[in-house]
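J.: Before I ask anything, let me first share the structure, which is written out below as structure tokens.
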Amino acid sequence: MSPETLLSEQLRTQLQSLLLTKQQLQIAPAERPAASQLFSHIGGDPYFETGETWPTNPDTAQPLELIFQLVNPDGAMPWPFEAQVVQFYQNYHWGELPFDDGDPHNFRVKTYPRIRPEHLIQVPRPVALPPIEFSHIRTQAAPSLPDVDELEDISPALKALCEQLRPKNWRKAYQQAVTELAGEPDLGSWVGGYAKWLQGAYPTGTFWLQFDSTEDFAWGDSGLLYFCVDGHDPATISFQLQSC
Numbered sequence: 008m009s010p011e012t013l014l015s016e017q018l019r020t021q022l023q024s025l026l027l028t029k030q031q032l033q034i035a036p037a038e039r040p041a042a043s044q045l046f047s048h049i050g051g052d053p054y055f056e057t058g059e060t061w062p063t064n065p066d067t068a069q070p071l072e073l074i075f076q077l078v079n080p081d082g083a084m085p086w087p088f089e090a091q092v093v094q095f096y097q098n099y100h101w102g103e104l105p106f107d108d109g110d111p112h113n114f115r116v117k118t119y120p121r122i123r124p125e126h127l128i129q130v131p132r133p134v135a136l137p138p139i140e141f142s143h144i145r146t147q148a149a150p151s152l153p154d155v156d157e158l159e160d161i162s163p164a165l166k167a168l169c170e171q172l173r174p175k176n177w178r179k180a181y182q183q184a185v186t187e188l189a190g191e192p193d194l195g196s197w198v199g200g201y202a203k204w205l206q207g208a209y210p211t212g213t214f215w216l217q218f219d220s221t222e223d224f225a226w227g228d229s230g231l232l233y234f235c236v237d238g239h240d241p242a243t244i245s246f247q248l249q250s251c
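Going by this note's numbering, the sequence shown opens with residue 8, and the numbers climb by one from there.
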């Protein structure tokens with residue numbers, strides 16, 4: 008066995024040990040159900056409980072847009088905290104970027120530990136927000152491996168192995184091995200696994216979810232939202248926007 012073949016096999020073995028399963032979010036237009044509060048969706052009615060109101064920016068009183076709702080009653084999606092419903096609201100207005108994605112008034116992450124049908128209410132969509140067509144969000148399991156920009160932090164030994172295999176272009180060696188095991192790396196929306204960073208790896212905790220631009224929401228020419236969790240408390244969810 009040649010040294011190059013031996014290194015390639017070692018690379019494949021180490022990659023297999025890092026494989027995680029992500030739940031790809033498949034977003035597709037669909038007929039709006041009569042009651043959409045208990046579905047994962049864009050453009051439907053959010054899950055609300057008695058006494059709640061639509062989230063707004065307290066400084067401007069502007070209602071925040073519901074970017075997505077994810078419902079996870081059976082735990083199929085790998086969330087690092089206990090919740091059956093997660094919603095993300097943002098001051099998204101017809102493609103304009105938020106003034107400051109770190110300003111807590113400009114976004115809201117809402118989580119519900121469990122669905123309580125006896126407390127379910129419907130809160131009308133504010134008239135200040137434009138109408139949005141309904142899209143259903145379904146999930147499909149897929150393999151996931153670290154982004155090349157995060158490899159040094161996740162596995163320095165694996166990066167060193169790639170540098171041995173191809174000293175002048177270790178990134179290509181890594182990407183080829185990843186493609187063989189998990190398919191061509193690409194951007195998209197998913198929960199769990201590893202992030203695919205658009206502008207470089209800047210995790211602010213344990214990666215949890217990334218959400219790509221859609222027909223309804225586009226952040227710049229090509230933008231993604233990244234969510235991380237520090238610990239196991241949904242109150243520690245942070246997010247960042249990366250766009251081109």
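Cβ coordinates follow ideal geometry from the N, Cα and C atoms, glycine included.
Have a look at residue 81 and residue 173 and give me their C-alpha separation to the nearest angstrom.
T.: Using only the alpha carbons, I get a separation of about 44 Å.
J.: Does any CB atom of chain D fall closer than 8 Å to the CB of residue 227?
T.: Of the protein chains in the structure, only one exists, and it is not chain D.
J.: If you drop the 5 nearest sequence neighbours on each side, which residues of the same chain put their C-beta closer than 6 Å to that of residue 135?
T.: Hits under 6 Å: 70.
J.: Just mark residue 146 as buried or exposed, buried being the case when its beta carbon has 16 or more other beta carbons within 10 Å.
T.: It counts as buried.
J.: Does the beta-carbon of residue 252 have 16 or more other beta-carbons within 10 angstroms, so that it is buried, or is it exposed?
T.: In the structure displayed, the chain extends from 8 to 251; residue 252 sits before or after that span and is not available.
J.: On the three-state DSSP scale, how would you describe residue 233?
T.: It is a strand residue.
J.: Using only the alpha-carbon positions, how far apart do residue 128 and residue 55 sit?
T.: About 6 Å.
J.: In terms of alpha-carbon separation, which member of 113, 143, 89 lies closest to residue 66?
T.: Closest option to residue 66, Cα to Cα, is 113.
J.: Distance, Cα to Cα, residue 37 vs residue 159?
T.: Rounded to the nearest angstrom, the two C-alpha atoms are 41 Å apart.
J.: Quick one: complete beta strand (DSSP E) runs, 3+ long, within the segment 54 to 137?
T.: Complete beta strand (DSSP E) runs here, min 3: 72 to 78, 92 to 97, 114 to 119.
J.: In this structure, does DSSP put residue 163 in helix, strand or coil?
T.: It is helical.
J.: Indicate whether residue 162 and residue 27 have their beta-carbon atoms separated by less than 8 Å.
T.: It is not a contact, given that the beta carbons lie outside the stated cut-off.
J.: Assuming contact is defined by CB atoms lying nearer than 8 Å, are residue 248 and residue 230 in contact in what I supplied?
T.: In contact: residue 248 and residue 230 (Cβ atoms closer than 8 Å).
J.: Enumerate in chain order the residues of its own chain whose CB-to-CB distance from residue 223 is below 8 Å, with the five nearest sequence positions on each side excluded.
T.: Same-chain partners within the cutoff: 49, 50, 139, 140, 142.
J.: In this structure, does DSSP put residue 188 in helix, strand or coil?
T.: Reduced to three states, the DSSP call for residue 188 is helix.
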